[in-house]
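Sequential numbering from 814 applies to the sequence shown in my numbering.
Structure record follows, encoded as structure tokens.
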Amino acid sequence: QLSSSAYPDKEDLNRDNVIQTTEQYYEYTMPLQPGQLNVGGNSYITDKVTNTVNGDQVTWYQFRVPIRQPGRVQGNGGQPFGFKNIRFMRLYMTGWQQPVVLRMVQPQFVANQWRQYASRIVDPRIQVPGIGNATDADAFAVSTVSVEENGPSVASVSPTGAIPYIVPPNITRDVEYLEFWLMDPFIKGANSLPTQLNREGITTRLGTAYGDDTQGGNLILNLGNVSEDVLRDQGQHEFENGLPVPGDPAGTTSTTPFGVVTNQQFLLDAFNAAPGARASQDIGLDGLTDAGEQTQFGALPGYAGLADPSNDNFRHHLDPSYNTNSTQILGRYKDYDNYEGNSPENSQLSSSAYPDKEDLNRDNVIQTTEQYYEYTMPLQPGQLNVG
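Have a look at this one:
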């Protein structure tokens, strides 16, 4: 029961049986530097809420990202390509000097619609009377269907939309945003929660006091088509349940610079049920056990003597070894997203019941295009201000 998945790992992340290798997206950068977390500045912050938790002041910031104003366009020659269907959102951080935890709440696309909740998002302890009660006939929630699901609203951006939406005369359409709350990562004080999480027990283990992060960094947002070709091996489809098991004939795999890839056609999203087969398939997208990784990569500079050269071994956050070392929450999830061994049989310490694969959206097509809008949000202390 100590497992994260009962399915083989594979590169087909969305499990559509196609490896998406296209990188085409919009990018948005959100600054998170001290002094820049201000409402009304240039950091997409439109509101902030401060609560007291265990004696510490905890601040949440509301980011509203105008998705039609990306900081960068990846793919399509750097030209806007229209919003037909946003399939993935990729978040990553740059510029940080020390590990940091960012707590985000409910990213969602919004325009001028309203939605009611049974409690405050930033403080669930505060209940709102009359909302969320199934017996209250007046309680309601409003949801909308994207008017651009079948094509962009501006034909000049991308003329391939099947059913373009026409804005009525004399009507100005609302600008759409991606909205989310972000907990202040620059809370001061030795007892603040972010400080405890970011230091991750280093003070206890090494006896070295680390100060608060004072530089900050950037939060990068890509919206659009993001490549599913996790291992850049010219679009080959890695999926764990295609790897051979004891008794299979030879010649069912090929060697790549990253390891081994199956030559089989993807048919079923499940591990081989034969006894002992799981140990031969639940080994990650590189198709190699630790011993295989040592054989293939051991001669490379810096890899000799490593127990796990690919650094892909899974370890559940409740693994007993974490208790022995008094590991805190951040360290417990360090290896949780790894693929090798994340679907053990007859164990709750797993992360998935399915084989891992590159087909992220499980549409049986590997998307290799990188075509997206990119938005950069600076996160510097003192600049996270509302407005």
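Each residue gets a CB set at the ideal place from its N, CA and C atoms; glycine is no exception.
According to DSSP, simplified to helix, strand and coil, what is Ile832?
The count along the sequence shown starts at 1 and reaches residue 832 at position 19. Here Ile832 sits in strand by DSSP.
Quick one, are the C-beta atoms of Asn1031 and Met902 less than 8 angstroms apart?
Counting from one through the sequence shown, the residue named residue 1031 turns up at place 218. Counting from one through the sequence shown, the residue named residue 902 turns up at place 89. Going by C-beta atoms, Asn1031 is not nearer than 8 angstroms to Met902.
In the DSSP output, what is Trp994 paired with across the bridge?
By 1-based counting over the sequence shown, the position of residue 994 is 181. Bridge pairing for Trp994: Gln875, Val918 [DSSP].
Are there three or more Cβ pairs, one per stretch, closer than 8 angstroms when the region 1052-1070 is compared with the region 1032-1043?
Contact check between the region 1052-1070 and the region 1032-1043: fewer than three CB pairs, one atom from each, fall below 8 angstroms, which does not count as touching.
Which of the three DSSP states, helix, strand or coil, is assigned to Thr1065?
Here residue 1065 corresponds to residue number 252 of the sequence shown, with the count starting at 1. The answer is coil: DSSP assigns Thr1065 none of H, G, I, E or B.
Kindly list the residues whose CB is nearer than 8 angstroms to the CB of Ile1179, restricted to its own chain and excluding five residues on each side of it in sequence; keep chain order.
Against the sequence shown, residue 1179 aligns to sequence position 366. Once the five neighbours on either side are set aside, the close Cβ partners of Ile1179 are Glu824, Asp825, Val831, Ile832, Gln833, Thr834, Glu1041, Asp1042, Gly1048, His1050, Glu1171, Asp1172.
Going by DSSP, what residue range makes up the beta strand (DSSP E) through Gln1193?
Taking the sequence shown and counting its residues from 1, one reaches residue 1193 at position 380. Run containing Gln1193: none; DSSP gives neither H nor E here.
6 angstroms Cβ shell around Pro847 - same chain, five flanking residues per side excluded
Along the sequence shown, one-based indexing puts residue 847 at 34. Residues of the same chain with a CB within less than 6 angstroms of the CB of Pro847, apart from the 5 flanking positions on each side, are Phe999, Thr1027, Gly1029, Gln1193, Pro1194, Gly1195 in chain order.
Quick check: Gln1109 and Leu1098, are their CB atoms within less than 8 angstroms of each other?
For this step, residue 1109 is matched to residue 296 along the sequence shown. For this step, residue 1098 is matched to residue 285 along the sequence shown. Not closer than 8 angstroms, so no.
Are Gln892 and Glu836 closer than 8 angstroms when you measure CB to CB?
To locate residue 892, count along the sequence shown from 1; it is residue 79. To locate residue 836, count along the sequence shown from 1; it is residue 23. Glu836 sits away from Gln892, with the two beta carbons spaced by 8 angstroms or more.
Helix, strand or coil at His1130 according to DSSP, with G and I counted as helix
One-based indexing of the sequence shown puts residue 1130 at position 317. For His1130, the three-state secondary structure derived from DSSP is coil.
Closest by CA to Asn827, which one among Asn1174, Asn1076, Glu1187, Asn1198?
Translated into the one-based positions of the sequence shown, residue 827 becomes position 14. The residue with the shortest Cα to Cα distance from Asn827 is Asn1174.
Per DSSP, cross-strand counterpart(s) of Ser1165
Numbered from its first residue, the sequence shown carries residue 1165 at position 352. Answer by DSSP bridge pairing, in chain order: Ser818.
By how many angstroms is the C-alpha of Leu1162 removed from the C-alpha of Arg1128?
Looking up residue 1128 in the sequence shown gives position 315. Looking up residue 1162 in the sequence shown gives position 349. The straight-line gap from Cα to Cα measures roughly 8 angstroms.
With Phe1110 as the anchor, note down where its alpha helix (DSSP H) starts and where it stops.
Translated into the one-based positions of the sequence shown, residue 1110 becomes position 297. First-last of the alpha helix (DSSP H) with Phe1110: 1103-1110.
Grouping DSSP H, G and I as helix and E and B as strand, with all else coil, what is Ile880?
Counted from its first residue, the sequence shown places residue 880 at position 67. In the three-state DSSP reduction, Ile880 falls in the coil class, being neither helix nor strand.
Determine the extent of the beta strand (DSSP E) in which Gln849 is found, giving its start and end residues.
For this step, residue 849 is matched to residue 36 along the sequence shown. Segment 849-852, the beta strand (DSSP E) holding Gln849.
Cut-off 8 angstroms between Cβ atoms - residues of its own chain near Thr1182, not counting five sequence neighbours on either side:
The residue you call residue 1182 lines up with position 369 of the sequence shown. Closer than 8 angstroms at the Cβ level, and outside the excluded window around Thr1182, lie Gln833, Thr834, Thr835, Glu836, Gln837, Gly888, Asn1038, Ser1040.
Under 6 angstroms Cβ to Cβ from Ile1096, same chain only, skipping five residues before and after it: list those, please.
Within the sequence shown, the letter at position 283 stands for residue 1096. Within the same chain, Ile1096 has close Cβ partners Thr1102, Glu1153.
Could you work out which residue in Gln911, Asp1061, Gln875 is closest to Phe993 when comparing CA atoms only?
Within the sequence shown, numbered from 1, the residue matching residue 993 stands at position 180. Of Gln911, Asp1061, Gln875, the residue nearest in Cα terms is Gln875.
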